[in-house]
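Take a look at the structure set out below.
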């Protein structure tokens, strides 16, 4: 067995392919704050076997979940693969059986009907369940204490969409979960299914709509009264898949379309706002103000992924693809269908997070992986070609961006905000981020004071190993992890 000698599979990005438990990680600088009690979870692609077709993109690897458990000033580490139906079929065969990213026409014929989902993109804690998410399939439930796989979860049969987003939103005040699936009737279909689940995890609302064209709808926006679906021109087409072309292609001839729906309204018409073509990936937050909807997203003039080509063959443009945190404002009081865009930070960045207690409401602070722009020829690029060497805090009141440089020959993964125990202020807490140490071929976990991001870390937790680039993660408080989980309905066993 041998992985291809290409950037996706070598150096720091070489597949880890291990599961591990490490008790009491070494703290090499500072002290872990004593009030941190809970777990930081993150997930990313880590392929079990070399790709079936000889090469593959980063986003197609099997989901590997890592957990950093904080308690009494110590940190324990666990990582496990999510044992999806795909993972188990390939493990039994001893090789890859599924082909190109989201292209079932390239699979081994023997796996027809088996879910292609990899559960590699994000983690959701809701109603006492930990769900591993990938936007082309249903969630997979895992045990939050052991990371063992429980099985696919379809909300007791109520999830009729073929897919569920990797970026759901939870209203911290009500416990309501808002989510959707795009390509909801199958790959390359323009159908979107919008759902709400109550604080107990039961789906209580479903609404279907049709997008103007089939595309990647990776994230969306939720306010107290509306949902907004950003349809950007990273398009998909069934004939492309049958022809063996990449699932998505950038089509700058198409506009951005923002579909607005009142929440929990079964009959309201979708209102579409239209703008120039641009690429928006992740939502930091959204809220309403005086009849307007503000959506804060990382926005670039072109697609950020070089492996999804321009539809007419134009070369990838890294400058046009560079994302900046920007605000899209939709004025519901006006009869026109246009919207405005305002840049919120002049420092390029991605992977935005907030204090989740402020989700779907007005807020002040956002935290991101950012770029200094200082070249470092020794440092490899990410899948998108971007090099994140800063952890940033964007202050939406003062308009300032404060950054923490993570070090030479280093790069940060997605930062996460953790509220300080007993805190009442939005910015009172910690920012955690896994940092790649390329020279040493290993990883550190940094813990920063969220109110002093540019200061020295409160603690640097050293891992004696390398964790491949991940995607997204979440924090679960220790009190929630201690709740008795027996007696509730489980997902379907997946072992």
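Numbering (the working numbering), first residue to last: -14 to 480.
Beta carbons are placed, not taken as given, at the ideal position from N, Cα and C, and that holds for glycine.
All values reported here derive from a predicted model rather than from experimental measurement.
Query: DSSP bridge partner residues for residue 326 (one or two, in chain order); Result: 313
Query: Residue 95 (DSSP reduced to helix, strand or coil); Result: helix
Query: Beta-carbon proximity of residue 184 to residue 216, cut-off 9 Å; Result: no
Query: Length of the line joining the Cα atoms of residue 52 and residue 222; Result: 37 Å
Query: With 16 other Cβ atoms within 10 Å as the buried cut-off, status of residue 387; Result: buried
Query: Contact the stretch 33 to 43 vs the stretch 69 to 79: 3+ CB pairs below 8 Å; Result: yes
Query: First through last residue of the alpha helix (DSSP H) which encompasses residue 225; Result: 223 to 227
Query: Assigned secondary structure, residue 154 (DSSP; H/G/I helix, E/B strand, else coil); Result: strand
Query: Terminal residues of the beta strand (DSSP E) in which residue 23 lies; Result: 23 to 30
Query: Residue 285 burial status per 10 Å Cβ neighbour count (16 or more: buried); Result: buried
Query: Meets three-Cβ-pair contact criterion under 8 Å: the stretch 313 to 327 and the stretch 338 to 349; Result: no
Query: Cβ neighbours of residue 96 in the same chain (closer than 7 Å, five flanking residues each side left out); Result: 74, 82 and 83
Query: Exposure of residue 207, with buried meaning 16 or more beta-carbon neighbours within 10 Å; Result: buried
Query: For residue 425 and residue 29, the rounded distance between their alpha carbons; Result: 21 Å
Query: Whole-Å CB distance - residue 330 paired with residue 309, under 8 Å assumed; Result: 6 Å
Query: For residue 83: DSSP bridge partner residues; Result: In the DSSP output, where bridge partners are listed per residue, residue 83 has none listed.
Query: Identity of the residue in 268, 350, 454 and 301 nearest residue 205 by Cα; Result: 268
Query: Host beta strand (DSSP E) of residue 453 (start-end); Result: Premise fails: residue 453 is in no beta strand (DSSP E) and is neither H nor E.
Query: Residue 126 and residue 203 closer than 9 Å at C-beta; Result: no
Query: Alpha carbon of residue 382 to alpha carbon of residue 2, nearest angstrom; Result: 44 Å
Query: Residues bridged to residue 115 [DSSP beta-bridge criterion]; Result: 110 and 127
Query: Presumed contact (8 Å Cβ cut-off) between residue 315 and residue 243, rounded CB distance; Result: 6 Å
Query: Residue range of the unbroken beta strand (DSSP E) whose run includes residue 11; Result: 11 to 15
Query: Same chain only: Cβ atoms within 6 Å of residue 134, ignoring 5 sequence neighbours per side; Result: 67, 68, 127 and 479
Query: Cβ neighbour criterion (16 or more within 10 Å) applied to residue -14; Result: exposed
Query: Best match in 80, 47, 77 and 224 for proximity to residue 65 [C-alpha to C-alpha]; Result: 47
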